[in-house]
Amino acid sequence: MSRRLVAAVLFTALGAVPLATRGQAAPQRPGPGAPGAPEGASAAAAQGEELGTPSTSSEPGFRLYGFADVSYRNSLALLVEGASETTMALFGVPEKGSFAVGNLNLYLDGQLSARARSLAEVRFTYLPAGTQATTSPDYAHTLATTSWGGIVIERAWVEYAFSDLVTLRAGQFLTPFGIWNVDHGSPTVIGVQKPEVVSQELLPERQIGLEAYGSKYLGSARVGYHATVSNGRIGDNPPFANFSGRPGLGGRLFVEGDWLGELRLGVSGYTGRYTELVASDFPGLSDEVALEYDERGAAADLRWEWRSVLLLSEAVYQSVKYTDGGRPADVPFLGPPSGAAAADFWRTGLYVLAGYRLPYHVTPYLLLQLMYKSTDATSNGGSICPGVNLRALPNLVLKLQYDVVRYPDLPGSRTAQILRGQVAWAF
Amino acid sequence: MKRDVARWIRIPSLLGLLGALSLPAPVRAADQAVAIVVDRDNPQSDIGLEDLRSLFLGKRREWPDGTRAVPIDLEFSVARDAFCATVLRMRKGDVQRYWVDQRIRGAGSAPRVAPSAASVIRLVARVRGAVGYVPLAQVDGSVKILTVGGVAPGKPGYPLLGQLDLVEHVPLQFHTGGRGLGRAAASEAALAASAIAPAARDRT
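In order, the protein sequence lines correspond to chains A and B. When you line the first sequence up against my numbering, it's residues 251 to 677, in that order. When you line the second sequence up against my numbering, it's residues 816 to 1019, in that order.
Here it is, written out as structure tokens:
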């Protein structure tokens, strides 16, 4: 008897009770605030009458977030024999195992209206070189000295979205090319540090000016573009000056869709004139051109994710032609200046990163890099970098990477081995 | 004695499973359906899974009539599990990772999360362009329900079903690569389990 009772109760619990709760939608009735309801931006006002109701992501507001990383680097075999230890440390390859806070980036993200948004990102850094100002004691701690650093403006822009097809952005932005330059943050990128082809800035890392971008779905494919007009490459110039008088022009086209996994292909281009001035030694005379060249750059990128496989690749090309008045003296990477004028050159490079995601968000990967410069054999080389990326939490990443770098035409050992570890987190 | 205990456990479970299996399929679907709701001024009456995905991943930010879209997420729940698995094709953790990455890229922030279905409905009713998802049983007349791929919630073939077990079987993928779930393929046992402890599932 009792068994039947229990069975009946459980039967009810498992099968019949949901029947009773299976409600259909309530009959439609006029919504109190529906007609003329506000669009995005004025949502807050609509919500204001009801405390505890969450706001929407399009509501005007301000967000503060960022990311940081701590790295460990140890050169197991030096690439350039005889190079000074301080120089190698500045190149990010210290001879002795060293820890460093590589990035400490802060984002200030403002939603100005449903369609207007601003973003500023600054990086706090030890640069220039973490100088210890021993002559200036820390005023808050008697007799203590302090190391001072700087702040890099990574980007600062405001944008207005006219539609999905046209958003106009003004300010300083990361050049929209490839994958790594935009992914940008250490928790987001798979490897420990930028591939050389990105860090050597064959295309400018960032520009100041205007950017238009947008995308549209054509069937299952999303097609998009970026178009930029700017001061051009910043280089050693003040970022707020365009000494060449010509704009830097750039663009990017991409297409993405679900074809055998998720695939995104992109091509980018940039052209501009870079002019670097030095003040004349004589008061009243105009500045002198120290360096001036016309450059053209192109890049192609591929990102493919299929099941647990990830493949990223970028190839970048840059050609440089000096103007008659802006051709510098040839300064080789190693050795004394030859006294000859520098020749026009082109350079190119690529990387391929293949990863496989294992359970628990462990991603072993292999990064291959190649670099080539037409006029300097010592710049031609590459590296093989196996590594592991563990995304322990959505906002916490641990990485370990072993770089084997080889530049055959360099004097010395020609091969370097570097062990890199990194903890990166977003906050 | 042990046999008796085993029988005590087995018989009701089988009966319960039988009860679940005996329900007509459309009714089971209606029970679990997660409705896509928009404000009543939205001229849309239907939306595809891919369109929903692009809206909630920030790849598309406006409706076809040009109104700015305001997606609203529902706090962790069976409905959200179903939505992540079926529409976003991601696990919950992958969705978090996706938005961490998007923020670092400077591409925007995740949709705001409403704490309850009632809260989602209140917001959607009042914000032009808003879109949310809630259990069908909790929808009232203040919002408009969209069909998904031409199928109304509760009808056979409706793809958004709030069965938690779906999520547990999402294959490991990169955050934008998850596919493979498809629609309601949960076992009947999972259906039975889903009726036992919804509160516990909501906490997962």
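We put the CB at the ideal spot given by N, CA and C, even for glycine. Quick caveat, the model's predicted, so the values are computed rather than measured.
Of the choices the options, whose alpha-carbon is the least far from that of residue i?
| i | options | result |
| --- | --- | --- |
| PRO578/A | GLU564/A, ALA593/A, LEU617/A and TYR567/A | ALA593/A |
| TRP914/B | ALA548/A, PHE312/A, THR521/A and PRO644/A | PRO644/A |
| TRP661/A | SER629/A, LEU648/A and PHE312/A | According to the sequence displayed, residue 661/A carries Pro and not Trp. PRO661/A has its Cα closest to that of SER629/A, out of SER629/A, LEU648/A and PHE312/A. |
| ASP916/B | PRO437/A, SER536/A and SER465/A | PRO437/A |
| PRO658/A | ARG670/A, ALA674/A, ILE668/A and ASP626/A | ASP626/A |
| VAL910/B | ALA929/B, ASP888/B, GLY921/B and PRO930/B | ASP888/B |
| VAL343/A | ALA666/A, ALA411/A and VAL432/A | ALA666/A |
| GLN953/B | SER931/B, GLY965/B and THR962/B | SER931/B |
| GLU1027/B | PRO378/A, TYR467/A and LEU358/A | Residue 1027/B is absent from the model: chain B starts at 816 and stops at 1019. |
| PRO879/B | PHE891/B, ASN857/B, CYS899/B and ALA897/B | ASN857/B |
| GLY977/B | ALA894/B, ALA925/B, GLY881/B and ALA945/B | ALA894/B |
| GLU451/A | ALA548/A, ARG664/A and GLY347/A | ALA548/A |
| ILE440/A | ARG664/A, VAL654/A, LEU646/A and VAL655/A | LEU646/A |
| PHE493/A | SER465/A, ASP537/A, THR521/A and ASP531/A | ASP537/A |
| LEU499/A | VAL638/A, GLY519/A and GLU512/A | GLY519/A |
| GLY956/B | ILE936/B, ALA945/B, THR962/B and PRO950/B | ILE936/B |
| PRO378/A | PRO636/A, PRO609/A, PRO387/A and VAL402/A | VAL402/A |
| TRP556/A | GLN568/A, THR521/A, TYR606/A and ALA591/A | TYR606/A |
| ALA471/A | GLY511/A, ALA604/A, ALA394/A and SER530/A | GLY511/A |
Hey, would you say residue i sits closer than 8 Å to residue j, going by beta carbons?
| i | j | result |
| --- | --- | --- |
| LEU617/A | PRO445/A | yes |
| ALA550/A | VAL602/A | no |
| LEU460/A | LEU415/A | no |
| ARG848/B | TYR973/B | The residue asked about is misnamed: residue 848/B is Ala in this sequence, not Arg. Closer than 8 Å, so yes. |
| ARG514/A | ARG553/A | yes |
| PRO497/A | VAL479/A | yes |
| GLN457/A | ASN481/A | yes |
| ALA318/A | TRP675/A | yes |
| ARG927/B | LEU903/B | no |
| VAL539/A | GLY589/A | no |
| GLU404/A | ASN324/A | no |
| TRP407/A | PHE423/A | yes |
| GLN651/A | VAL442/A | yes |
| TYR357/A | GLY316/A | yes |
| VAL654/A | GLY631/A | no |
| LEU951/B | VAL963/B | no |
| VAL966/B | LEU870/B | no |
| ASN639/A | LYS623/A | no |
Buried or exposed: which applies to residue i, given that a residue is buried once 16 or more other Cβ atoms fall within 10 Å of its Cβ?
| i | result |
| --- | --- |
| GLY495/A | exposed |
| GLU634/A | First, the residue type needs correcting, since residue 634/A is Ile and not Glu in the sequence shown. Exposed, since its Cβ has fewer than 16 Cβ neighbours within 10 Å. |
| GLY281/A | Only weak support exists for where GLY281/A lies, its pLDDT of 39 falling under 50; the value from the coordinates is given anyway. So GLY281/A counts as buried. |
| HIS611/A | buried |
| ARG313/A | exposed |
| ALA884/B | buried |
| ILE960/B | buried |
| PHE677/A | exposed |
| PRO968/B | buried |
| HIS229/A | Nothing about residue 229/A can be reported from this structure: the residues present for chain A run from 251 to 677 only. |
| ALA850/B | buried |
| PHE989/B | Residue placement at PHE989/B is flagged as unreliable, the pLDDT there being 32, under the threshold of 50; a coordinate-derived value is accordingly withheld. |
| CYS892/B | Checking the displayed sequence, the identity of residue 892/B turns out to be Ser instead of Cys. With 16 or more Cβ atoms within 10 Å of its Cβ, SER892/B is classed as buried. |
| ASP854/B | buried |
| SER413/A | exposed |
| ILE429/A | buried |
| LEU830/B | For LEU830/B, the predicted structure reports a pLDDT of 48, less than 50, and the residue's modelled location is therefore unreliable. A value from the coordinates is still provided. It counts as buried. |
| PRO582/A | exposed |
| PHE490/A | exposed |
| GLY485/A | exposed |
| THR392/A | exposed |
Quick check: does the Cβ of residue i come within less than 7 Å of any heavy atom belonging to the ligand ADP?
| i | result |
| --- | --- |
| LEU377/A | Absent from the structure shown: the ligand ADP. Ligands present: none. |
Should the segment 555 to 565 of chain A be called in touch with the segment 435 to 455 of chain A, which here means at least 3 C-beta pairs below 8 Å? yes
According to a CB-to-CB cut-off of less than 9 Å, which residues of the segment 558 to 577 of chain A neighbour chain B? SER558, VAL559 and LEU560
When the Cβ atoms of the segment 524 to 541 of chain A are set against those of the segment 501 to 511 of chain A, are three or more pairs found closer than 8 Å? no
Proximal residues, the segment 634 to 648 of chain A versus chain B, C-beta separation under 9 Å: ARG641, LEU643, PRO644 and ASN645
Scan the segment 894 to 924 of chain B for residues whose Cβ lies nearer than 7 Å to a Cβ of chain A and list them as they occur along the chain. Residues GLY908, GLN911, ARG912, VAL915, ASP916, ARG918, ILE919, ARG920, GLY921 and SER924.
Does the segment 664 to 677 of chain A touch the segment 932 to 940 of chain B, meaning 3 or more C-beta pairs lie closer than 8 Å? Verdict: no, contact absent.
Do the segment 920 to 935 of chain B and the segment 859 to 866 of chain B meet, that is, are 3 or more Cβ pairs less than 8 Å apart? These segments do not touch.
Give, in chain order, every residue of the segment 425 to 443 of chain A whose Cβ lies closer than 7 Å to some Cβ of chain B. VAL432, ASP433, HIS434, GLY435, PRO437 and THR438
The segment 538 to 548 of chain A in contact with the segment 567 to 577 of chain A per 3-pair CB rule at 8 Å: yes
Within 9 Å of chain B by C-beta, residues of the segment 348 to 377 of chain A in sequence order: ASN355, TYR357, ASP359, GLN361, ALA364, ARG365, ARG367, LEU369 and GLU371
Can you give me, in chain order, the residues of the segment 404 to 421 of chain A that have a beta carbon less than 8 Å from any beta carbon in chain B? ARG405, ALA411, SER413 and ASP414
What are the residues of the segment 465 to 476 of chain A that lie near chain B, defined by any Cβ-Cβ distance shorter than 8 Å? SER465, TYR467, SER470 and ARG472
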